[in-house]
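Shown next, in structure tokens, is the structure this report addresses.
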Amino acid sequence: MFINGETAVYGIFGYPVKHSKSPTFQTESFHHLGINAVYVPFEVKPENLQEAIKSMKILNIKGINVTIPHKEEIIKYLDEVSQEAKIIGAVNTVKNIDGYLIGYNTDAYGFIEGLKEIIEIEGKTALVIGAGGASRSVIYGLLQQNIVKIYLANRTPQRAIEIINDFCKYYRVIDQIVSVISLDQIDEVLENVNIVVNTTSVGLKDDDKPLFDYDRLQEKHTVVDIIYRETKLLKKAKEKGCNHQDGYPMLIYQGAKSFEIWTGQKAPVEVMKRALGI
Ligand code: ATR
Numbered sequence: 001m002f003i004n005g006e007t008a009v010y011g012i013f014g015y016p017v018k019h020s021k022s023p024t025f026q027t028e029s030f031h032h033l034g035i036n037a038v039y040v041p042f043e044v045k046p047e048n049l050q051e052a053i054k055s056m057k058i059l060n061i062k063g064i065n066v067t068i069p070h071k072e073e074i075i076k077y078l079d080e081v082s083q084e085a086k087i088i089g090a091v092n093t094v095k096n097i098d099g100y101l102i103g104y105n106t107d108a109y110g111f112i113e114g115l116k117e118i119i120e121i122e123g124k125t126a127l128v129i130g131a132g133g134a135s136r137s138v139i140y141g142l143l144q145q146n147i148v149k150i151y152l153a154n155r156t157p158q159r160a161i162e163i164i165n166d167f168c169k170y171y172r173v174i175d176q177i178v179s180v181i182s183l184d185q186i187d188e189v190l191e192n193v194n195i196v197v198n199t200t201s202v203g204l205k206d207d208d209k210p211l212f213d214y215d216r217l218q219e220k221h222t223v224v225d226i227i228y229r230e231t232k233l234l235k236k237a238k239e240k241g242c243n244h245q246d247g248y249p250m251l252i253y254q255g256a257k258s259f260e261i262w263t264g265q266k267a268p269v270e271v272m273k274r275a276l277g278i
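Structure representation (structure tokens):
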């Protein structure tokens with residue numbers, strides 16, 4: 001890699017940020033296309049977020065990704081926010097245009113591009129588990145693809161109801177498409193869904209208690225777990241012969257979209273995948 005006085009700086013703000021895989025594949029992509037830029041991790045504590053955002057302008061950091069726990073909080077520090085980031089209520093990408101900061105959300109796009117690799121979404125029915133920020137992106141993405149029905153299951157149903165309340169400003173008929181259920185009710189709807197998505201953190205640890213009886217999965221289900229590893233849910237999906245996917249495609253495609261927003265160039269997706277060994 002060649003670094004000189006003109007090298008542009010991109011990065012990721014998160015806390016923690018050590019686990020992030022974005023610096024690896026983003027820097028590799030700049031390099032591959034001959035763009036004089038690097039992408040580095042910035043560990044930003046929540047209490048320093050506003051200052052860190054200001055520093056983007058001072059240091060002329062051209063663009064950043066934002067990860068846990070800043071995706072929602074950052075919105076109030078930006079000059080402009082895209083319509084989809086507004087609806088989702090979270091920003092994961094910021095572009096700095098001569099000191100003017102615009103926020104975008106590429107998580108929904110990333111999820112959908114990944115899912116499209118294994119299933120045609122239009123007309124399907126989905127079970128989405130979880131009601132955090134990731135779930136909001138997944139639901140937004142599915143709605144954009146004309147999904148027919150979403151069962152939204154969460155340990156705390158009130159959080160799922162909040163998503164519907166927030167989205168209904170933009171989707172008038174959302175309460176006809178999205179139905180909130182409890183984790184206990186998953187068994188009842190499983191027969192009627194094509195796509196099962198886990199957006200919770202359950203599965204990160206081996207001893208996590210399953211979200212439902214995974215033995216109830218059938219070959220007809222397409223199963224996505226947005227965690228970057230083979231969780232128990234995915235293991236069972238594989239065993240049952242289901243179409244299945246982990247969190248890597250979403251990671252790659254959200255990064256690809258961020259790259260395109262920053263550079264105006266098509267992201268070298270295959271290079272990104274190779275950089276992560278997938
Ligand atoms: P993110 O922004 O990454 O989605 P989050 O906002 O912390 O993260 O949301 C985490 C999700 O995982 C929530 O849906 C949470 O359920 P609650 O809303 O009931 O907290 C879910 N979750 C975390 N641990 C869980 C567990 N042990 N069992 C079931 N759901 C769990």
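1 is the number of the first residue of the sequence shown in the working numbering; add one for each residue after it. Beta carbons: idealized from backbone N, C-alpha and C, even for Gly. Quick caveat: nothing in here was measured; it's all calculated off a predicted structure.
- Burial check for glutamate 270: the Cβ neighbour count within 10 Å stays below 16, so the residue is exposed.
- By the beta-carbon neighbour count (other beta carbons within 10 angstroms, threshold 16), glutamate 84 is buried.
- By the Cβ-count criterion, leucine 127 is buried, with 16 or more other Cβ atoms from all chains shown falling within 10 Å of its own Cβ.
- Rounded to the nearest whole angstrom, the CA to CA distance from asparagine 146 to aspartate 208 is 33 Å.
- If the five residues before and after glycine 203 are omitted, its C-beta is found closer than 7 Å to the C-beta atoms of Asp225, Ile227, Thr231, Lys232, Leu233, all from its own chain and listed in chain order.
- The three-state reading of DSSP puts alanine 131 in coil, since its state is none of H, G, I, E or B.
- In the structure shown, threonine 27 adopts helical secondary structure according to DSSP, grouped into three states.
- Excluding the 5 residues flanking it on each side, isoleucine 186 has same chain C-beta neighbours closer than 6 Å at Ala153, Phe212, in chain order.
- One alpha carbon belongs to histidine 70, the other to asparagine 48, and they sit about 10 Å apart.
- Taking each of Phe30, Ser29, Glu73, Gly5 in turn and checking the Cα distance to tyrosine 15, the smallest one comes out for Glu73.
- For glycine 110, the enclosing alpha helix (DSSP H) begins and ends at 107-116.
- Cβ neighbours of valine 148 within its own chain (closer than 8 Å, five residues either side excluded): Gly123, Lys124, Thr125, Ile177.
- In the DSSP secondary-structure assignment, alanine 8 is bridged to Ala37.
- Three or more pairs of CB atoms, one per stretch, sit closer than 8 Å, so the stretch 58-68 contacts the stretch 91-111.
- The beta-carbon separation of lysine 76 and leucine 251, rounded to 26 Å, does not stay under the 8 Å limit for a contact.
- For the ligand ATR, no non-hydrogen atom lies closer than 6 Å to the CB of alanine 126.
- Between valine 196 and histidine 221 a beta carbon distance of about 5 Å is seen, short of the 8 Å cut, so the two are scored as contacting.
- Contact annotation: the stretch 132-146 touches the stretch 102-110, with at least three C-beta pairs closer than 8 Å.
- The stretch 158-229 contains, as complete beta strand (DSSP E) runs of 3+ residues, the segments 178-181, 195-198, 222-225 (chain order).
- At a cut-off of 6 Å, the beta-carbon of glycine 110 does not count as near the ligand ATR: no heavy atom of the ligand is closer than that.
- In this structure, glycine 130 has its CB closer than 6 Å to one or more heavy atoms of the ligand ATR.
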